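Colleague:
In structure tokens form, the structure reads like this:
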């Protein structure tokens, strides 16, 4: 069984601060995929990134960066120079391939990020 | 450019009433899913359909039924609603993300259901 833990329930930062959202996962599969989704106050879920288990390279996209470490089963997400528009709930998720080719995601409980002006 | 469309966006039911949440995707994806989101619990999978004509139970299927009507549409039915089914429901389909090209789940906007 898969499990994703986001220990930080809520984080508040002041605009322009850097913030890191933690994600720890558990799986016995050697092939798996990790995701981050953003859920702004409007409620929709927006895909941010997908990593596969064979690619441990860190990734940077603008102010967003992700640190994937298999040794600690973590996939942390850092926002640099946070902005008010970054305020949202962020979900980390994990999927493993199955024979039906359906991609089931196991979600963490989410981290509510509030960026104060 | 609709992606995943689900209706209704809001619904209030009385205990024991039935209703169907509709979902349609226009991305030609094979797999579709229904999740529910509850505070502090993330999203939990109710049912999924790997392809047209097949459906399977997820983590929390009790009290729900689904129908994969065709490749585009996947509906979720509550036969006898209970207060414990008060939640936000998300439909999703999996395939290539239109922007990144990665194979990911694309979600609908959500349906907020309240059972009194």
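Residue numbers (my numbering), protein chains in the order written: chain A, 61 to 177; chain B, 6 to 121.
Think of the CB as a built atom: it goes at the ideal place given N, C-alpha and C, for glycine as much as any other residue.
Just so it is clear, the structure is predicted and the values come from calculations on it, not from any experiment.
(1) Roughly how many angstroms separate the alpha carbons of residue 172(A) and residue 73(A), rounded to a whole number?
(2) Among 107(A), 108(A), 91(A), which residue has its Cα nearest to the Cα of residue 116(A)?
(3) Report yes if the CB atom of residue 56(B) is closer than 7 Å to the CB atom of residue 35(B), and no otherwise.
(4) Classify residue 87(B): buried if its beta carbon has 16 or more other beta carbons within 10 angstroms, exposed otherwise.
(5) Does residue 114(B) get closer than 7 Å to chain E when you measure Cβ to Cβ?
(6) Does the distance from the C-beta atom of residue 127(A) to that of residue 82(A) stay below 7 Å?
(7) Round the Cβ separation of residue 38(B) and residue 97(B) to the nearest angstrom and send it over; I've been treating them as touching at under 8 Å.
(8) Should the segment 149-156 of chain A be called in touch with the segment 91-100 of chain A, which here means at least 3 C-beta pairs below 8 Å?
(9) In chain order, what residues of the same chain lie with their CB nearer than 6 Å to the CB of residue 160(A), ignoring the 5 residues before and after it?
(10) Would you call residue 143(A) buried or exposed, if buried means 16 or more other Cβ atoms sit within 10 Å of its Cβ?
(11) Suppose the cutoff is 7 Å on Cβ atoms and the five residues either side in sequence are ignored; what does the same chain contact list for residue 80(B) look like?
(12) How about residue 105(A): is its C-beta nearer than 7 Å to some C-beta of chain B?
(13) Closest to residue 69(A) by C-alpha separation, out of 59(B), 46(B), 76(B), would be which residue?
(14) So, under 8 Å CB-CB, residue 9(B) and residue 113(B) are touching, yes? Tell me the CB distance rounded to an integer number of Å.
Modeller: The structure says:
(1) Using only the alpha carbons, I get a separation of about 11 Å.
(2) Distance check between residue 116(A) and each of 107(A), 108(A), 91(A) places 91(A) closest, using alpha-carbon atoms only.
(3) The answer is yes: Cβ separation under 7 Å.
(4) Flag for residue 87(B) reads exposed.
(5) The structure shown contains no chain E; the protein chains it does contain are A and B.
(6) It is not a contact, given that the beta carbons lie outside the stated cut-off.
(7) A Cβ-Cβ separation of about 5 Å places residue 38(B) in contact with residue 97(B) under the 8 Å criterion.
(8) Output reads yes: the segment 91-100 of chain A touches the segment 149-156 of chain A.
(9) Any reading at residue 160(A) must be qualified, since the residue scores a pLDDT of 42, below 50, and its modelled position is unreliable; no value is offered.
(10) Of the other Cβ atoms in all chains shown, fewer than 16 fall within 10 Å of the Cβ of residue 143(A); this residue is therefore exposed.
(11) So the qualifying residues of the chain are 25, 26, 27, 28, 71, 72, 74.
(12) Chain B contact via Cβ: present.
(13) Shortest Cα-Cα distance from residue 69(A) to any of 59(B), 46(B), 76(B) involves 46(B).
(14) At roughly 4 Å, the Cβ-Cβ gap stays under 8 Å, so residue 9(B) and residue 113(B) are in contact.
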